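Each residue of the sequence shown is one higher than the one before, counting from 81 in our numbering.
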Amino acid sequence: MFLETKNLTKKFQRGNKELVAVNNLSIGIEQGAFAAVVGHSGSGKSTLFSMISGLSRPTSGEIFIDGLSINEMSRDQLAEFRRSTLSYVLQGQSLLGNFSIIDNICMPAYLGKHSDGCAGRALKLLDAFGLGGIENEFPSSLSGGEQRRVSIIRSLITSPKIIVADEPTSSLDLENTELIMQLFRQISQKGTTVLISTHDLNFLDYTDSVYKMSNGILL
81 MFLETKNLTK
91 KFQRGNKELV
101 AVNNLSIGIE
111 QGAFAAVVGH
121 SGSGKSTLFS
131 MISGLSRPTS
141 GEIFIDGLSI
151 NEMSRDQLAE
161 FRRSTLSYVL
171 QGQSLLGNFS
181 IIDNICMPAY
191 LGKHSDGCAG
201 RALKLLDAFG
211 LGGIENEFPS
221 SLSGGEQRRV
231 SIIRSLITSP
241 KIIVADEPTS
251 SLDLENTELI
261 MQLFRQISQK
271 GTTVLISTHD
281 LNFLDYTDSV
291 YKMSNGILL
């Protein structure tokens, strides 16, 4: 398995009450697969994705990506892992308003070791995603669907082995939702593992596997 979680649990303390956001969850996803986790708001999807991306630590359990244990990595190692191996697409609008589209796309490369030739790669990706010619625009001039596509392009700029996207189609119309799902399918067919969360059941036929989550448990 390229991505594997074993008995993953995340608990939060709220006053005197203990909340279990993710409960003893195990999942395995092959390299190059396109998988979706579906569930209503509050089901634990975002908490699960945060742990898989190394942004939060599990209370117990293990996470392995490409044979590496995420649990054993330091904060600096996790940051480098996200720059080189895993790209995380945040829920909602995550582009930086004061930067041009091409600078937004290349930001992860500027912060890592992939800046050489980034502009050329970004222009090719923009063309491939039907966004040629917008590289000098700013996020405010783009539609919601265009901004999501730019966010996905940004996640590809460092050639990651896995993309983890939290609700990438939320608030989009059906046309843009299908376009995003098609793009993820194309990405996975080229060997990149794609894991998304969604509560939208449209267009799940584009995925290889679908997992349902409720109250922190994988059904």
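Where is the CB? At the ideal position from N, CA and C, for every residue including glycine. None of the values given here were measured: they were computed from a predicted structure.
| Asked | Found |
| --- | --- |
| Residues near F129 by beta carbon distance below 7 angstroms, same chain, minus five either side | V244, D246, S277 |
| Terminal residues of the alpha helix (DSSP H) in which N184 lies | 181-191 |
| Continuous alpha helix (DSSP H) stretch holding F161: start and end | 155-164 |
| Beta strand (DSSP E) segment containing K125, residue limits | Counting along the chain, K125 falls outside any beta strand (DSSP E), though it belongs to the alpha helix (DSSP H) covering 125-132. |
| Nearest-angstrom Cβ-Cβ length linking F218 and G177, presumed shorter than 8 angstroms | 7 angstroms |
| Exposed unless 16 or more other CB atoms sit within 10 angstroms - verdict on R228 | buried |
| Span of the beta strand (DSSP E), counted from its first residue to its last, around E255 | Here E255 belongs to no beta strand (DSSP E); instead the alpha helix (DSSP H) covers 254-269. |
| Local conformation of N151 per DSSP, three classes | helix |
| Beta-carbon separation (whole angstroms), D280 vs T257, contact threshold 8 angstroms | 6 angstroms |
| Paired residues, beta bridge with E84 - DSSP | G108, F144 |
| Helix, strand or coil at S167 [DSSP, three-state] | strand |
| Residues near Q111 in its chain [Cβ-Cβ closer than 6 angstroms; skip 5 each side] | F82, T273 |
| Boundaries (first-last residue) of the beta strand (DSSP E) holding D196 | No beta strand (DSSP E) contains D196, which DSSP labels as neither H nor E. |
| CB of E215 within 9 angstroms of CB of L222, strictly | no |
| Cβ-based neighbour list, F209, same chain, cut-off 7 angstroms, excluding 5 preceding and 5 following | R229, I233, L263 |
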